[in-house]
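Step one of this worksheet: look at the structure below.
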Amino acid sequence: MLKKVMGYLFLIFAIITLSACGDKTEDPGQAAVAFVEAIAAGNGDKVISLIHLSEMQGDPRAEQFNNKFKMIVEETGKQVKKQGGLSKVEIISVEYSEDKNSAIVTLKTTLKDGVEKTQAQEMINVDGKWKVNFK
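And the structure:
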């Protein structure tokens, strides 16, 4: 699972940079944007607060995993700063599941050098807050 998470972080690293992160988790699109921005800022605590790790719930190794995950995010944030930056993150679409408890958010990320990347992010509603769903 750690390899999957690391791979995902490095994919995001290639398309994002330093940007302010919001605390808007009542909407799946805004939560997805906040997640991308938190990674770009190297804010591991914020990233952890925006993900749902269903496989790690109740696992005694969860704290160790979170600490390693935070270190990866912090390093990614440093690398993003060296890349020159992110111009903007746009929400292209939000497709809700039938029960409205999950959604696929499509984001378009534009770098300052004009490179654009579109990606889909799976989100889940946990206790009224939208989070990135890591399986």
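When the letters of the sequence shown are read in order and numbered with mature numbering (1 follows the signal peptide of the UniProt record, and there is no 0), they come out as residues -20 to -1, 1 to 115.
Don't be surprised by glycine CBs; every beta carbon is placed ideally from N, CA and C.
**Study point:** The alpha helix (DSSP H) enclosing Glu17, as first and last residue numbers
**Key:** Counting along the chain, the unbroken alpha helix (DSSP H) around Glu17 starts and ends at 8 to 21.
Point to revise | Terminal residues of the alpha helix (DSSP H) in which Lys88 lies | key: Run containing Lys88: none in the alpha helix (DSSP H); it sits in the beta strand (DSSP E), 82 to 91.
Practice item. Starting from Ser29, follow the alpha helix (DSSP H) in both directions and report where the run begins and ends. Key: Start and end: 24 to 29.
Check your understanding: From what residue to what residue does the beta strand (DSSP E) around Gln101 run?
Key -> Taken as a continuous stretch (DSSP letters only), the beta strand (DSSP E) holding Gln101 covers 96 to 106.
Exercise for review: Can you have a look at Lys26 and say buried or exposed, based on whether 16 or more other CB atoms are within 10 angstroms of its CB?
Suggested key: Classification for Lys26: buried.
Exercise for review: Could you check which residue in Phe45, Arg41, Ala14, Lys68 has the C-alpha nearest to that of Lys92?
Suggested key: That would be Lys68, whose Cα lies nearest to the Cα of Lys92.
Check your understanding: Buried or exposed: where does Glu17 fall if 16 or more other Cβ atoms within 10 Å of its Cβ makes it buried?
Key -> Under this definition Glu17 is a buried residue.
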